[in-house]
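Protein chains in written order, with the working numbering: chain E, 9 to 250; chain G, 42 to 286.
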Amino acid sequence: MIEIRDLSKAYGGTPVLKACSTTVAKGEVVVVCGPSGSGKSTLIKCVNGLEPFQHGSITVDGVSVGDPKTDLPRLRARVGMVFQHFELFPHMSVRKNLALAQIRVLGREADEADARGLRLLDRVGLVAHADKHPAQLSGGQQQRVAIARALAMDPVCMLFDEPTSALDPEMIGEVLDVMVELAREGMTMMVVTHEMGFARQVAHRVIFMDHGEIVEDAPAAQFFAAPASERAQGFLARILHH
Amino acid sequence: MNYHWNWGIFGEQVKGGEETYLDWLATGLGWTLAVSLTAWLLALVIGIAVGALRTAPSRPIALIGSAWVELFRNIPLLVQMFLWFFVVPELLPQEWGLWVKQDMPAKEFVTAALCLGFFTSARVAEQVRAGIGSLPRGQRDAALALGLTLPQTYRHVILPQALRIVIPPLTSEFMNVFKNSSIAFAIGVMELTFQARQMQEDSEQGIETYLAVTLLYFICAFAANRGMAWIEARTRVPGLIARTS
Numbered sequence: 009m010i011e012i013r014d015l016s017k018a019y020g021g022t023p024v025l026k027a028c029s030t031t032v033a034k035g036e037v038v039v040v041c042g043p044s045g046s047g048k049s050t051l052i053k054c055v056n057g058l059e060p061f062q063h064g065s066i067t068v069d070g071v072s073v074g075d076p077k078t079d080l081p082r083l084r085a086r087v088g089m090v091f092q093h094f095e096l097f098p099h100m101s102v103r104k105n106l107a108l109a110q111i112r113v114l115g116r117e118a119d120e121a122d123a124r125g126l127r128l129l130d131r132v133g134l135v136a137h138a139d140k141h142p143a144q145l146s147g148g149q150q151q152r153v154a155i156a157r158a159l160a161m162d163p164v165c166m167l168f169d170e171p172t173s174a175l176d177p178e179m180i181g182e183v184l185d186v187m188v189e190l191a192r193e194g195m196t197m198m199v200v201t202h203e204m205g206f207a208r209q210v211a212h213r214v215i216f217m218d219h220g221e222i223v224e225d226a227p228a229a230q231f232f233a234a235p236a237s238e239r240a241q242g243f244l245a246r247i248l249h250h
Numbered sequence: 042m043n044y045h046w047n048w049g050i051f052g053e054q055v056k057g058g059e060e061t062y063l064d065w066l067a068t069g070l071g072w073t074l075a076v077s078l079t080a081w082l083l084a085l086v087i088g089i090a091v092g093a094l095r096t097a098p099s100r101p102i103a104l105i106g107s108a109w110v111e112l113f114r115n116i117p118l119l120v121q122m123f124l125w126f127f128v129v130p131e132l133l134p135q136e137w138g139l140w141v142k143q144d145m146p147a148k149e150f151v152t153a154a155l156c157l158g159f160f161t162s163a164r165v166a167e168q169v170r171a172g173i174g175s176l177p178r179g180q181r182d183a184a185l186a187l188g189l190t191l192p193q194t195y196r197h198v199i200l201p202q203a204l205r206i207v208i209p210p211l212t213s214e215f216m217n218v219f220k221n222s223s224i225a226f227a228i229g230v231m232e233l234t235f236q237a238r239q240m241q242e243d244s245e246q247g248i249e250t251y252l253a254v255t256l257l258y259f260i261c262a263f264a265a266n267r268g269m270a271w272i273e274a275r276t277r278v279p280g281l282i283a284r285t286s
């Protein structure tokens, strides 16, 4: 579904990604972890072309992201993305947040988009909040709306960029529950996160990044039982002991 | 002070004419409103577009926006008024220039409205750019990630938020437009300041004249202020901006 080959990127002279290669198969859940500044957010933002890259290639469902001829909006419409800071549109009601791209990008009728939005809100347990504005919701609720907004586009895969990092601890669970359910339904997911509990529970593979490199790319069980690299061992020891 | 006060002057007829001084001021107010509102409309449309251009990812496009702003921001308004009136028609192709000088209807009004509109658009553009710059970058990313094109992203996500943020500074600009429109008298637009000078000379009641005109400008600017406050209240986003009034 997602194929990243030899991906390199630099800001000015500073390399942020160095020859990264990996694949995410259909229905697979891949967790990307690593210390801050390791390039994991940049990597995931390259997948839907939000970050340009200089070398290498990415294909999503057979479409090359870096090809100048690619219709990026059309590709992005099929790739759901969830952000660290939710990024709901604050000037629109929840209902309109969900409908906007369905109407403007997919060309759905307003009624149809609204109905689809409400179904997804119901699924994340927030249908009662449809007419509120984002600022009237808690962080956890906003992130669940953001997931519903991405799902409303019927994506072929979902990208999560640290979806729980900006949340108060008591709200992390409600967002992870939605993500676990999604994973169990067979959604293809690439998730940048430090939530190792989530990774253990649903990830098929774990990618560990450091200094712009993919240091380790292993089945989840193997990664947690016996990380091969010293850097991954150190990282796990640091984040799991707290 | 030996000034002879005469507040009844406004009802008196002008020398050698049928109309009263009040008619003169009413005409002046009409032209002031016409110049100001036309200029404001122009300034909003161009200013929003140019402000958005200045934040575009493409450098050449952003530079065009910057050039526009610098051009109109760095020349005094009075000089710009004279440039548009006396110089620009000479620079046009000969036929056009001739048409502008001889046949263009309401030549003074059109020139003043364009000039004031362009001048103000540069200031509006700066504020719109600042408003866009104050939004988190993630908003643009989120809109693009949903498959919206860049123009759609500006239209539905970025500008609606940026414009709400810049309503207070835009209010000052709107008020400035009324006050700056007084400069149009220099090219012969018969707006309030023009009429005031004429009335002062004709009636020799300068103090009453200018107090009346002052009050009229004040009312215009104040109305602009209240109008914008009403818009601000109406577009307030629930839960996002603290109630201030």
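Heads up, the beta-carbon is just placed ideally off N, CA and C, and yes, glycines get one too.
Here the structure is a predicted model, which means the values were calculated and not measured.
DSSP places Leu78 (chain G) in the uninterrupted alpha helix (DSSP H) bounded by Tyr62 to Leu94.
Separation of Ala270 (chain G) and Glu120 (chain E) (C-alpha to C-alpha, rounded to the nearest whole angstrom) is 37 Å.
Secondary structure note for Pro146 (chain G): it is in no alpha helix (DSSP H), with a DSSP letter that is neither H nor E.
By the criterion of a C-beta distance shorter than 6 Å, Ile89 (chain G) is surrounded in its chain by Val169, once the five residues flanking it on both sides are discounted. In the three-state reduction of the DSSP assignment, Val37 (chain E) falls in the strand class, which pools E and B. In terms of beta-carbon proximity, Val223 (chain E) stays away from the interface with chain G, with every pair separated by 7 Å or more. Secondary structure remark: continuous beta strand (DSSP E) runs of at least 3 residues inside the stretch 38-110 of chain E, in chain order: 63-68 and 87-90.
Exclusion of the five residues before and after Pro177 (chain E) leaves no residue of its chain whose Cβ lies closer than 7 Å to its Cβ. Going by C-alpha positions, Gly57 (chain E) is about 11 Å away from Ser65 (chain E).
Short of 8 Å from the beta carbon of Ala228 (chain E), and not among the five residues preceding or following it, lie these beta carbons of its own chain, in chain order: Val39, Ala207, Arg208, Ala211, His212, Arg213 and Val214.
In the three-state reduction of the DSSP assignment, Ile222 (chain E) falls in the strand class, which pools E and B.
In terms of Cα proximity to Glu238 (chain E), the closest of E:Gln230, E:Glu95, E:Val223 and E:Ile247 is E:Val223. In the three-state scheme derived from DSSP, where H, G and I count as helix and E and B as strand, Ser16 (chain E) is classed as strand. According to DSSP, residue pairing for Cys156 (chain G) in a beta bridge does not occur.
By the neighbour-count criterion, in which a residue is buried when 16 or more other Cβ atoms sit within 10 angstroms of its Cβ, Ala147 (chain G) is exposed. In the three-state reduction of the DSSP assignment, Asp243 (chain G) falls in the helix class, which pools H, G and I. Gly188, Leu189, Thr190, Gln193, His197, Val198, Pro201, Gln202 and Arg205: these are the residues of the stretch 188-215 of chain G whose beta carbon lies less than 8 Å from some beta carbon of chain E, given in chain order.
In the structure shown, Ala262 (chain G) falls within a helical segment according to DSSP collapsed to helix, strand and coil.
For Gln62 (chain E), no chain G residue has a Cβ inside 9 Å of its Cβ, as the nearest lies near 16 Å away. Straight through space, the alpha carbons of Pro130 (chain G) and Leu15 (chain E) are spaced by roughly 57 Å.
Taking the Cβ atoms as the reference, Gly47 (chain E) lies roughly 6 Å from Met217 (chain E), within the contact range of under 8 Å. Interface residue (Cβ-Cβ distance to chain G less than 7 Å): Met195 (chain E) is not classified as such. DSSP, read as helix, strand or coil, puts Ser175 (chain G) in coil.
CA-CA distance, Arg95 (chain G) to Ala184 (chain G), rounds to 19 Å. Here DSSP, grouped into helix, strand and coil, assigns Asp119 (chain E) to helix. Judged by pairs of C-beta atoms under 8 Å, the stretch 84-96 of chain E touches the stretch 186-194 of chain G, as three or more such pairs exist. Here Leu211 (chain G) carries a helix assignment [DSSP, helix/strand/coil]. Secondary structure of Pro134 (chain G) (DSSP, three-state): coil. Taking 7 Å as the cut-off between beta carbons, none of the residues of the stretch 224-236 of chain G comes near chain E. Excluding sequence positions up to five before and after Leu70 (chain G), its CB lies within less than 7 Å of the CB of Leu233 and Leu257, all in the same chain and listed in chain order.
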